[in-house]
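First comes the structure, then the notes that go with it.
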Amino acid sequence: MSLSREQMLVEMGISPIWVVREKGGEPAPAVAPAPQSAGEAPPSAVVAVPQPAPLRESVAGPAAAVDAMNWPELTRAVAECKACPLCQQRKQAVLGVGDLNPDWLFIGEGPGADEDVQGEPFVGQAGKLLDNMLASLDISRGNKVYIGNAVKCRPPGNRTPEAAEMAACRPYLERQIALLKPKIIVLLGKAAVHSVLHDDKSLASLRGKRFEYAGIPVVVTYHPAYLLRNLPDKSKAWEDLLFARRLLNALATPELPF
Ligand code: URA
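Residue numbers (the numbering used here): 31 to 288.
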């Protein structure tokens, strides 16, 4: 069954539909806006925020070797990886899915039970919501979108990955980003933020700001699984996606305010 865009927004719990200020909107303020509450206009500011430290503290063997891999080599290395204990209970490692020449890179936490079986990220309930979020933006997995995770192996019981596990996987994530060269990165939840930005502050304090990783704009939002449990925050996630889209559009037309 294919849903209309309006139905998808309803599915996301977002109503009324916001109109995106693509052009001719108010100039961005010089400082970051406070996080918006549901129902308020989406954030429109872009601020320079502290740059993340280089992601180089891996325990996954020589990061330099991963740094030199092409995509097939990376795929094989992840499939065979034994760098942390998560490999012991996985059915398979899950590298990611999507367009290898993406505009958008979405990064989640790690595979759950369904993903462990199917070998693809975000195929369970959270994945359905993510797909609806993408559809609301008129994009879809595989079409200018790549979806990956902070860790490639399922944490037992779907627990949050530990810092050492994320560090072990980080060279793979770094290499994915380097090879994919996305135009914008959206971090879904705290684990992704920890892995990419080395920041453990609350998501509420990080939303609505423009971060950068290797020159690529980065936006932070809530994880779809969290949104399934906290329905009112879906509208905030929608604000974040619109913010990301404005950043992406501004790359194409840098002279325009967003
Ligand atoms: N949650 C994630 O963070 N990633 C997945 O792939 C599935 C659920």
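Where is the CB? At the ideal position from N, CA and C, for every residue including glycine.
Residue nearest to residue i in terms of C-alpha spacing, selected from the options
{"i": "A222", "options": "L116, A123, P102 and L135", "result": "L135"}
{"i": "P185", "options": "D230, G149, E139 and L271", "result": "E139"}
{"i": "N260", "options": "R275, A208, A193 and A156", "result": "A156"}
{"i": "L278", "options": "A143, A98, S166 and D133", "result": "D133"}
{"i": "E195", "options": "A93, C114 and V108", "result": "C114"}
{"i": "S225", "options": "K112, V96 and T190", "result": "T190"}
{"i": "K182", "options": "A95, A94, R120 and A93", "result": "R120"}
{"i": "R237", "options": "S265, F152 and G245", "result": "S265"}
Environment of residue i [buried if 16+ CB atoms lie within 10 Å]
{"i": "N162", "result": "buried"}
{"i": "N173", "result": "exposed"}
{"i": "Q262", "result": "Looking at the sequence shown, residue 262 is not Gln but Pro. By the 10 Å Cβ count, P262 comes out exposed."}
{"i": "T283", "result": "exposed"}
{"i": "L233", "result": "buried"}
{"i": "R275", "result": "buried"}
{"i": "K211", "result": "exposed"}
{"i": "Q178", "result": "Correcting the residue identity first, residue 178 is Gly in this sequence and not Gln. Its Cβ being crowded by 16 or more others within 10 Å, G178 is buried."}
{"i": "V61", "result": "Low per-residue confidence applies at V61: pLDDT is 27, beneath 50, and the placement is therefore not dependable, though the value from the model is reported in the following sentence. Exposed, because fewer than 16 other Cβ atoms sit within 10 Å of the Cβ of V61."}
{"i": "A193", "result": "exposed"}
{"i": "S170", "result": "exposed"}
{"i": "L209", "result": "exposed"}
{"i": "K112", "result": "exposed"}
{"i": "A71", "result": "Confidence at A71 is low in this model, with a pLDDT of 37, below 50, so the placement of that residue is unreliable and no value is reported for it."}
{"i": "G187", "result": "exposed"}
{"i": "D230", "result": "exposed"}
{"i": "G154", "result": "buried"}
{"i": "A94", "result": "exposed"}
CB contact flag (residue i, residue j, <9 Å)
{"i": "Y176", "j": "D129", "result": "yes"}
{"i": "V248", "j": "L271", "result": "no"}
{"i": "P141", "j": "V127", "result": "no"}
{"i": "K239", "j": "L281", "result": "no"}
{"i": "I137", "j": "A165", "result": "no"}
{"i": "A267", "j": "Y243", "result": "no"}
{"i": "L167", "j": "L257", "result": "no"}
{"i": "A109", "j": "Q118", "result": "no"}
Closer than 9 Å to chain D by CB, residue i
{"i": "M196", "result": "You won't find chain D in this structure, because it holds only one protein chain."}
In chain order, what are the residue ranges of uninterrupted beta strand (DSSP E) at least 3 long that sit wholly in the region 110-157? 126-128 and 134-138
On the three-pair Cβ rule with 8 Å, is the region 93-110 touching the region 201-214? yes
At a cut of 8 Å, does the region 195-202 reach the region 213-220 through at least three beta carbon pairs? no
Any chance you could list the beta strand (DSSP E) runs of at least 3 consecutive residues sitting entirely within the region 195-264, in chain order? 214-218, 241-243 and 246-251
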